[in-house]
Every structure is written in C-alpha cells, then in structure tokens.
Amino acid sequence: MVAPDLLPSPRLRKAGSAVVRALLSALLWTGCSGQDENEASPAEVAGTGAAPWFVEVDGSGLSHRHESGGEGQFWLPEIMGPGVSLFDPDNDGDLDLYLVNGNENLPGVDVSERHVNHFYRHTSPFVFQDETEGSGLANGGYGMGSAIGDYDNDGFVDVYVMNHGPDALYANRSGHSFEDVTGSLGVSVPGWSCSAAFLDYDRDGFLDLFVTQYVHFDPDKTCSDRAGRHDYCGPKVFEPAVDVLLRNDGGGRMIDVSHASGIDSLAAAGLGVALDDFDDDGWIDVYVANDGYANHLWLNQADGVRFEEKALLYGLAHNASGQAEAGMGVVSTDFDGDGRPDLFVTHLNQESNTYYRHVQAGSFSDATGLSGLAANSMALTGFGVIAFDAELDGDDDLFVVNGQVARGDARPESQLPPPWDRYAQPNLFYLNNGRGIFTLAPDEGHRASSRVEISRGVAMGDLDHDGDVDFVLTNTQGPAHAYRNEAPRSGNWLLLRVRDERLKRDALGARVLVRCGPRTYRKVVNPSLGYVSASDVRLHFGLGDTKAYDSIDVRWPDGSEERFDGGPTDRSVGLVRGTGTRLP
Amino acid sequence: MSSTLRIAQRGSRFGLSVCVAFLLYGCGAAVPPRAIPTPDTSIMQPAVRELLDECRSKVVENPESTEDWGRYGMALDAHSMLAEAETCYRQARDLEPEEFRWSYLLGKVLELQGDASQEALSMWRHAASLNPNFAPVFYRLGELEADIGQLDEAIEHLGRSLELEPDLAIAHRSLGQALLQRGELQRGIEHLLRAESISPGDEAVGSSLASALARAGRTEEAESYARKTRTPGAKLHLTDPIEFEVVSLGRSSELCFDRGRERLKRGEIQAGIEDLQIVASVRPDDAQVHDLLGRAYYDLHDLPSALEHLQRATDLDANLATAHFALAQTLVQLKRMDGALEHFRSAVGLEPDNGSYVAALALHLTGIGQLNEAASVFERADRLDTLRPAQLQTWANVLLRLREFPRAAGLYERVLEAQPQNADAHFALAQALHGKGDLEGTERHLRAAVEVDPNHRAAALLRELGFDR
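Chains as they are written, first to last, in the numbering used here: chain A, 86 to 669; chain B, 71 to 539.
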C-alpha cells in the first residue's frame, strides 16, 4: 500500500497560471514530445519559441556572492568552486539552501576580508532569508561545495562541507542549528576536496561518505597560456590526489578506509561523483569523473569492505576516442528508458560533454555524437549538471552550467569585469526525446538563463511544490540565482520520498522502479548530483500522459525488495519501508 | 544568441563572403580586406609579441598578399588566438580560393573553436577536393564526423586516409573506434589491433581494445589491455606538414617547451636547444628547462654548457634525479670523479629502483677503485634485473679482484650464456676457476678463449700453466 504523503500540505504556491502555461504550451510545444529521432537533427535547436523556460526569480533574497579571492595570482582553486545544496534540515517540507564561499585559506588572500558560507531558510515561494548567523554553518574554509545526509540517523539531515583545506561535518541539532562535529567524529580530510556523497556501502545502516580529491595544489607553480599570458594551470601541473572513503562505524566515529577499501590505489584529479548500482548486484557503486585522467568506476565487491576499479572494462574510463577527458560534473540516470543507468559527464571546451549509454550488462558505449550532445558543447566548459524532466513528458532532460577555466575571448554579453569576462560562458539545456537523443531546447530555453557567467554548481528541487523541478545555480566570483520552471508541460508527474523509518532517514542508495503499463522508470535515491552540489533527496518523475501508475518497486540499500501499490499521478508520495509487499 | 544562430550567422557570413569573392574574381576585382586582427600583444611574452607585430606589419604593408595573411593566421593559430586566426585564414582563402592550405587551416581553427563543426567539415571537404592525396585532411574529416555522430561519413573518410597511407596507425585507431560506435565489434577490434601492431603501446588503442574485448566476452585479453593501459606509453600522432608549419611558429615559453622536448625526443638536438633557450630566457629559474638543456648539450658533447645547465638545475631543484645523473655523467667526462660520485649517489637516492642509475653508480665505484661498495651496489642492480652482460662482466671482474672466486665464476657463466663467443669472459672465468682450484675448468675456458681468438692472451697462460703439453 502507498503510505500517506509524508510531506506537510504544500504551503508554497507557485505564481503563474495554468492559462499562461496552456498558452505557452500551445505556442511552443510543437514537435517536441514523442519526437522521432528521424524528425529532427539532434544537434539542432528544437522549436522556435521565445519565452524562457526557466525564469530567474527577482527578489529571492539571495544576497550571497561568491568571492574567489582571485587578485591576479591565477591560483587554481579560485576558478573551481562553488557548489550549492538544496535540503530540508527542519523537515518542514521546504527546501533551504546552503552556499559555499572562497576564503582566506588560499595563499595571499587578505585575512581581514573574511568570507563565510551562507545558509538561507526558504520562507515563502522563492524567497530566502539569510539565517547564517546562529545556524552554526558559517564555515570559513576555502569552500568547494557541500553534501547532505543524516549520518547519525537522528531524523535530521547533516551537512558535510568540502574545502580546499580541512573539510567539516556539521551535525543538525533538531533542525534549528548545526554543530561542528568534525573533530569529535575523527573526520580528517585535509586535502582539496571537491564532490562528496553519502552512501551506505557496507549495509550497516549508517551513512558512509565518499569524497573526491582533486590535486595537491602548489601556489608556487605558475602557468601561462599558449601566447604566454598568465593563466590558470591545468590539473596535470600538480600531483594528483587519491579519493577518500570514510566509514561510519555507527558509534560516533568516521574512519578513513580509503586504503582498506582499495580506493587509494589510484591517484587522479577527482571532481564529480555519481552513485548507482552500475553492475545491478544490489550494492551501491561509485563513479568518479576525473579531470584529465581516466575516470574511475569503483564496483562494490559486496563484502562490505572492498571496491574494485573497472572503468576501462566497462567502457567508462575514456571517451570513444580512447582519450581521458577533463571530467567535471557527472549524473547517472536512465536517459534512454531501457531500465539501465546511463552516465553523462561534463568536460572542458574543445572536448564535448560525454554521454555513456549502458548498452549491455557490464558495458557502456560513448554515444555522445549519435545523441546530439557533441557539437554544441565543444565550445563550452561544462561543470554542474542536473538531469530532470523539465516538461514532464516522461524522460530526463539535461541542464549543464558552463564557464571556462582558461582564458578565452571576452564575452560582450557577460557583465563581469575583466578578467572574469574571459571565463564566462552561457549555459545549455537539452531536451530528451525519450530514447536518449537530445536537442537544444527552444531559443531562450536552451540556455536556461539569460546570464553569461562563470557557472559551477547547480542543484534542483521542486521549490514551489507545483510538481515540476526548479533549480539554483552558483557562479565563480558572482551571485547565486534561483530559477522557476516555466517550461510548457506535456504530462504528469510523481514526487517520491523513500524512507526507512527504522533508520529515521531517507533511504539513500535505494533503487526505485515506477511501473506504468509497458514503461518502467528507474531512479536511485541520491542527492549528490553533478558537481560539488546536492539536490533535493526526493525523486521526481515526469510520466508523460500517464494518469496513474501501476506499482512502485523499491530495492532497499540492504538488497531486500518491496512493492508498493499503484495510484494516481500528480502528487507527492511517501514510500516507507515495511509498508509495501515484500518481494522474493 | 543561440549557438545555432551563431553558426547560421557565421555560415551566412561565410556564404556571403564566398559569393562576393566569386563575383569579384569573376569581374577581375580585388577582394575587399577584412579588418586586420589586432590582439593586445602588450601582455604577451616578448618573443610572441615580436612575431605577431612583425606578421601584422606585413599584412598592413601588403593587404593583397595571401601569404602574408596566411602567415599571420598561422602565427595567431600557433598561439591559440583562434578567432583572430580565423579572420586571417578567411581572408587568405578569399584571396586564393584554390590554395588548399587556407581551407584546411580554416577548418582546423573552426573545429577548435568548437561551435562551427559543420562549417569546419565543409572547409575540409573543400580542401580534400583540392588536394585529394593529402591523407591528414581525410583523417581530420573522419575524426570530426565520428565525434558528432556522422559515423558512415567518418568511416568512409578514415578509410580514404588509409588508402593513401595504409600504415597510418592513428587512422586505424580512429576507424576502429568509429566502427565500435556503429556496433561493428569485430571489424572495430581488427583495426585497433592493426594500429597496435604498427605502433604498439598507445593508451587510446589499449583503452578501446579493453572495453571492446570485454564487450565481446574476451575477458582475459580485455584485462590484459586494461593492465597495459594503466602504464602510459607512446602516443600516436598525425604527421601533418601543414600543422607542423603552424607549430613551428610558436614562440611562447609554453609552446617552445613542449616543442623543444619533442624535438629532443626525436633526436633533433640543436633545434630542441633553440626552443629551450627561448624558454630559459622567460623562465630562468625553471629547473626542468635547465635539466633538459643540460642533457641536450651533453648529447652534443658540449660539456661546459651541459655542466652549467645541469648544475643550475640541481641548484634550483635538488630532487631532480635526471639532472643529478646527467651531471654525474658530465663530470665523469670531465674527469671530475669525486664530484661525479656525489651526483650518482643523489640520483640513486632519489630513484632507488632505477636500475640504470644503480648500475651506473656501481660502474663508477668500480672505476674509482671502491670495489667493496661497487660489489654491493652491483648486487642491488642485479636484483632490479637491469644488468647487461658487459655490466655483469665488470661486476665479475670486481669480485675476481676481491678474490671472491666462486661468485665471480657464477657471474662469468651468466655472461657466457648470453655471449658464448666472449673470449675475455672465457679467460676471466678460467682465472676464477683457477682460484677455486678447478684446473680442468681452467684449461677448458682458456682453450675456449683461444678458440674464439687465437691471438688472445689466454694462449700465453695456457703455455705458462703447462696446459699446452
């Protein structure tokens, strides 16, 4: 049976009307839904509409501005952050916001100009209130991003902050304040952390933590571009680092098991991380996008201890040309509707982003060119990425945020001052035709924002409880922006919260199959998506014209499976462990 | 502006300019010049600034000169000023539409800028029609087509490049990869194996083979390639004389460093030194540059220059094993043995598992008469499995001099296994066996030495020991 919705009644209502939406739909939505791959060249922009699909919300109260500390030194950390997290620390059903900042930990940055991370409470639709002071979350490290998970199973999600320099773990005290428990838990990750994700890899019921490590940055190393102009160094100038796996022993300690697990056997410049069960054995695996090095696929050895690296054999280490690319952000989802997780990795300009299609058990194929994702990304440097069904037609679309890491041509449309205008780039939004063939969304929609900035992190969630996915993005040396989804709708939706009440938390790592007639939609509960960011933990499904779903199967992180009865769509549903029918 | 709009605008601009050029040519009129690119050279390195200013001046003086526009484009291209290079190549192409280089290079900078792949393809197709025997243009066409998912065309063009150059390993690699993308597993693997047989060890070939063989269920072979791919090896390159001309114009320290290092690898020592001297003038405190320069001068037997740069390298970075080692070798050549010993020791200390360094230290210790230490260092080198027969023989000679006859005999036997016609080894083994009291063995190896070389001094020893009776 389906448990009653765990969420309180939506108290946030989206501005805008169904009439407007219907008009937009009529104007714009021609030939996108159900598009045959032969109908349009995938590299072309679909449609001819003019209205933006994602509207930047004015007056959101997001006063936070990222300060990179960059003053002409061209130190690499300046250009690599920041990330953003959307999460619900007080369980009131609204998504609050955590934004990291640069700081004086970078050599040469004036200590007197102290910048801290910011915590914003979501008070009314798209209105955020700065509650950093008193929250306990004003971390003063040189921030990269944050990860969200309830490490102590107390029913309140905690915050892990990734820094260039020591990371920090903040325990949520009943939703009202946070306490730095880094020292007391024995968390010691002193290097340059980028993305992180909570997972229960050993199935003991407590969330462990995987943290990617980038490089051993050395401020004495300087670099120039090919014309001899001072610029940011690439990662290969520095020693690569090994990623970190912390095991939560459930007794108040986070133990570094990077060596015992085998994770420290390979050094690379790790940036993005994606969690999924890539070999479908019921144990959560880890995929790491490395910058300039072969990507890593760490397959869980199902013994609660070890991982083995298998990216080469799975076809996930390099692109179709056999080249290691500059992997930045990464998402895993079933783009082509075949029931298997695919991967999408963002990259540097002069490389395309890469779409790895899961073609058979244990094998992926670089399908970027065939899927229309190559040509239009080659001029851009992708970082953050989210996959969600923007128009609810039954497949996950792609939003990629961009910004250079090496000097480019100045962009007149960017409002950034020099030299930052040479790093700014527009963002991209792609529509999926349901079979993993993508087209750029119409006109303004395809950028998903009118601004041209140095974008890095992006996190998604239904910020106004209207059933579609909104997002917040961050910029290097700039403000964060919240965007409301105004894409023309062509279907129905379902928002699932997957809970294990014995553990008082969301079932991170659970695999969910929503069955609707011949079609099955697959997702895994995992808020750590894209690049140094965390999205809403709930799973959002666009279901096309489906008015009702037949059933939902959940494979819990411990491998047991349960079936929940079907029901009508267009609502939030809570799936609570033990309230469905156990499957053999 | 959408990227498609940009492409469309660029495409229409391009189409318009081609039409205008055509019409003007048809009427015998000159092509109207574009604005000459004027990048801000003030923040560039002096050598780059000088080159770009010079090239630009020539265009200003001769705005109708295709070669001057083209050369300015190439100079900009070499320094990755792609938008500016594009302008120059467009102008050169308009002035001389039948010269394939301009279409070819214009295609390349369009591809590198990333948002005009269709126009890049059309430029290369045009270049290919002008020069249908130039394999690199077909290779580039095929590569880009594969990247953007035009697999049929990619396979055709890569095939054409292989018709022109059947052993073009990099084209076999790309063709194999394109076939894999099209789902032709077996044919893809065949071309990848062909690339591997022509030029073994390319990481991209190994990676593609590993995943393709795994998909084909050939797990053992797949794992073998996966293991090999973990160790970076040689990389396949496209030999492209047009691109070479562009790269040769690079003047920045970054470009000169990369090019200089490549030239040294290919044995073009003097040219490599010229590049690295430019780098050293911009980066005088870069230990790696001095290390490379020092080793290059050593290869040219210019020992004073080698000494100067290698000493500077080790002063700047005491952890540079290659510099210590080359400095030690230089000092040996200059007969400064004590100084050499210090640097051999430093090199070995920094890289204790480098068999070449350990063996060289052992030989040096032998040369300066420190035989006990030499013997122990030889033993260490032997554990690293790197000693060549001549080095084994030197080690055996050391042991012979230390009167360790059984161990010496064992080593000479190893030398003779590899070099059975080595008269000196037979002779020395005879001495070792004599020291052990093995007279039969002594006689046998003295006779073997004489058999190989009738004039060998072993003959005298045979007589002296009475074995000739």
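Every residue gets a Cβ at the ideal spot worked out from N, C-alpha and C, and that includes glycine. Remember, predicted model here, so these are calculated numbers, not experimental data.
For B/R285, the nearest beta carbon of chain A is closer than 8 Å to its own beta carbon. By the criterion of a C-beta distance shorter than 6 Å, B/D538 is surrounded in its chain by L532, once the five residues flanking it on both sides are discounted.
Against chain B, a Cβ distance below 7 Å from A/L397 picks out S277, A280, S281, A296 and T299. Within chain B, G184, D217 and I218 have C-beta atoms less than 9 Å from the C-beta of A/S437, given in sequence order. With a contact defined as Cβ atoms closer than 8 Å, A/H432 and A/D547 miss out at about 29 Å.
Using a CB distance cut-off of 8 Å, A/R442 does not count as an interface residue toward chain B.
At least 8 Å separates the beta-carbon of A/V617 from that of A/G563. Taken in chain order, the complete alpha helix (DSSP H) segments of 4 residues or longer contained in the stretch 160-184 of chain B are 170-183. Inter-residue distance for A/A472 and A/T418 is about 7 Å (C-alpha atoms, whole angstroms). If you draw a straight line from the Cα of A/D362 to the Cα of A/I369, it comes to about 5 Å. Beta-bridge annotation (DSSP): A/S231 is paired with A/V246. Contact of B/E443 with chain A is not assigned, every C-beta pair being separated by 8 Å or more. Distance check between A/D239 and each of A/G260, A/N224 and A/S309 places A/G260 closest, using alpha-carbon atoms only. Its chain contains A592 and R662 as the residues whose beta carbon lies nearer than 6 Å to that of A/D585, once the 5 sequence neighbours on both sides are disregarded; these appear in chain order.
Interface criterion not met: the Cβ of B/Q461 is under 8 Å from no Cβ in chain A. Nearest to B/D423 by alpha-carbon distance, out of B/G364, B/A396, B/I225 and B/L454, is B/L454.
Closer than 8 Å to the CB of B/M114 there is at least one CB belonging to chain A. Excluding residues up to 5 positions away in sequence, A282, R285 and A286 lie with their Cβ nearer than 7 Å to the Cβ of B/L255 in the same chain. With a 10 Å radius around the Cβ and a threshold of 16 neighbouring Cβ atoms, B/F170 comes out buried. If you check each beta-carbon in the stretch 143-170 of chain B against every beta-carbon of chain A, the ones closer than 8 Å belong to A148, H149, S150, M151 and A153. The Cβ neighbour count for A/K589, taken over all protein chains shown within 10 Å, is under 16; the residue is labelled exposed. In chain order, L121, L122, C125 and L319 place their CB closer than 7 Å to the CB of B/A145, counting only its own chain and leaving out the 5 sequence neighbours on each side. The C-beta of B/L232 comes no closer than 8 Å to any C-beta of chain A.
Here A/L581 really is in contact with A/V658; their C-beta atoms are around 5 Å apart, less than 8 Å.
Comparing alpha carbon positions, the residue from B/N467, B/Y427 and B/S375 closest to B/Q440 is B/N467. Under DSSP, A/D328 forms no beta bridge with any residue. Your pair A/L222 and A/Y183 checks out as a contact, with CB atoms roughly 6 Å apart and the cut at 8 Å. At least 8 Å separates the beta-carbon of A/N202 from that of A/G168. Going by DSSP, A/W383 is part of the beta strand (DSSP E) stretching over H381 to N385. For B/V118, the chain A residues whose C-beta falls within less than 8 Å of its own C-beta are A312 and G313, listed in chain order. Taking B/E181 as the centre and dropping the five residues before and after it, the same chain places the C-beta of S187, A190 and L214 closer than 7 Å to its C-beta, in chain order. The beta carbon of B/Q463 lies closer than 8 Å to those of L481, Y482, V485, N492, D494, A495 and A498 in the same chain, with the five residues before and after it left out. For a cut-off of 8 Å, the C-beta gap from B/Q183 to A/A475 is around 29 Å, too long to register as a contact.
Annotated three-state conformation of A/K632 is coil, per DSSP.
Annotation: Cβ neighbours of A/D451 in chain B (cutoff 8 Å, chain order): Q251.
The CB of B/S323 comes closer than 9 Å to the CB of S309 and G313 in chain A, given here in chain order.
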